[in-house]
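Report on one structure; see the data block that follows.
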Ligand SMILES: [Zn+2]
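And the structure:
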């Protein structure tokens, strides 16, 4: 994510354009794990997934997500 001299974060479509400042709610979200059934349908596993932080540009909808280390510092090392 590009930042200006003041540390404000902008989306890639409007660097230094105030209308394209990225917003972060400081809430956490998740990418939910999904598996495929034998019949080709999918099922979602809301108790498994990756915690993420989201940054959104309200002007153009550009979104970036980052893995949230604060919630799951041992992701991938559980064995
Ligand atoms: Zn934008």
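Numbering (the working numbering), first residue to last: 63 to 141.
Positions of the beta carbon are idealized from the N, C-alpha and C atoms, including for glycine.
For residue 97, the uninterrupted beta strand (DSSP E) segment begins and ends at 91–98. Across the structure, residue 80 and residue 87 are spaced so that their CA atoms are roughly 18 Å apart. Straight-line measurement puts the Cα of residue 100 at about 44 Å from the Cα of residue 83. Within its own chain, the residues whose Cβ lies closer than 7 Å to the Cβ of residue 134, once the five positions on either side in sequence are excluded, are 113, listed in chain order. Using a Cβ distance threshold of 8 Å, residue 117 and residue 71 count as a contacting pair.
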